[in-house]
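Enquirer: This structure is in structure tokens; I'll ask about it shortly.
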Amino acid sequence: MRWHLLAVGQRLPDWAEAAYQDYAKRFPPEARVQLRTVKAEPRSGGKSAAAIMAAEAQRLQAAAPKGARWVVLDERGQRCTTVELAERLQQWQRDGIDVAFVIGGADGLDPSLRAAAFATLRLSDLTLPHALARVLLIEQLYRAWSILQGHPYHRD
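Positions in the sequence shown are counted from 1; adding 111 to them yields the working numbering.
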């Protein structure tokens, strides 16, 4: 089983890229998170938010690993603690199916992607900038992995 992070937006601010890479490199080779980014749809030309989300959804679907369970991140998603996330990851690992965590663009995710998702999670009750969401997700995946490994990074 592999973990993937699919995200709209290819360029992060330097601080976010550095933070993301810091956590990503902590995983051992057999547990690396595979990052796949897709281009954000240009907001020019009077496009509606729905048209923008639909275009980004097509790019995300094309970038997604075949057969992976989609876990979309959405402020309306289900809350879970880090320990609960670790338990979910462990169960998904037992199932042997890749998991793709999906972060949408500035307008969010197309409703069809949210409807087709295996799970919908929220990282916070607050609306987060996408760069921060990406950093927070990789940190939480690392923290959950450390719990499953008995690593002392996470403390209760």
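Positions of the beta carbon are idealized from the N, C-alpha and C atoms, including for glycine.
Being a predicted model, the structure only gives us computed values, none of them experimental.
Who are Ile214's beta bridge partners in DSSP?
Expert: Taking the first residue of the sequence shown as position 1, residue 214 is located at position 103. Ala118, per the DSSP bridge assignment.
Enquirer: Only counting runs of 3 or more residues, tell me where the beta strand (DSSP E) segments fall wholly within the stretch 191-253, in order along the chain.
Expert: Within the stretch 191-253, the complete beta strand (DSSP E) runs of at least 3 residues are 210-214 and 230-232.
Enquirer: Suppose the cutoff is 6 angstroms on Cβ atoms and the five residues either side in sequence are ignored; what does the same chain contact list for Ala151 look like?
Expert: Stepping through the sequence shown from its first residue, residue 151 is reached at position 40. Once the five neighbours on either side are set aside, the close Cβ partners of Ala151 are Val119, Gly120 and Gly216.
Enquirer: Using the Cα positions of Asp206 and Asp133, report the straight-line distance between them to the nearest angstrom.
Expert: What you label residue 206 is simply residue 95 of the sequence shown in a count that begins at 1. What you label residue 133 is simply residue 22 of the sequence shown in a count that begins at 1. The alpha-carbon atoms of Asp206 and Asp133 are separated by roughly 29 angstroms.
Enquirer: With H, G and I counted as helix, E and B as strand and the rest as coil, what does DSSP make of Asp185?
Expert: Position 74 of the sequence shown, counting from 1, holds the residue named residue 185. Three-state result, Asp185: strand.
Enquirer: Can you tell which of Arg113, Ala127, Asp218 and Ala197 has the C-alpha that lies nearest to the C-alpha of His262?
Expert: Looking up residue 262 in the sequence shown gives position 151. Out of Arg113, Ala127, Asp218 and Ala197, Ala197 has the C-alpha closest to the C-alpha of His262.
Enquirer: Beta-carbon within less than 7 angstroms of Arg254's beta-carbon, same chain only, minus the 5 sequence neighbours each way: which residues are those?
Expert: Here residue 254 corresponds to residue number 143 of the sequence shown, with the count starting at 1. So the list reads Thr193, Tyr264 and His265, once near-sequence residues are dropped.
Enquirer: Taking Cβ positions, are Phe212 and Leu146 nearer each other than 8 angstroms?
Expert: Residue numbering aside, residue 212 sits at position 101 when the sequence shown is read from its first letter. Residue numbering aside, residue 146 sits at position 35 when the sequence shown is read from its first letter. No. Outside cutoff.
Enquirer: Okay, do the stretch 225-239 and the stretch 178-186 touch, 3+ Cβ pairs below 8 angstroms being the bar?
Expert: Touching, yes, given that three or more Cβ pairs across the two stretches are closer than 8 angstroms.
Enquirer: Hey, how far is the Cα of Ile214 from the Cα of Ala242?
Expert: For the purposes of this step, residue 214 is identified with residue 103 of the sequence shown, where counting begins at 1. For the purposes of this step, residue 242 is identified with residue 131 of the sequence shown, where counting begins at 1. Roughly 10 angstroms separates the two Cα atoms.
Enquirer: Quick one: residues in its chain with C-beta nearer than 8 angstroms to the C-beta of Leu123, no 5 flanking neighbours on either side, listed in chain order?
Expert: Counting from 1 along the sequence shown, the entry for residue 123 is found at position 12. Once the five neighbours on either side are set aside, the close Cβ partners of Leu123 are Tyr131, Ala242 and Arg245.
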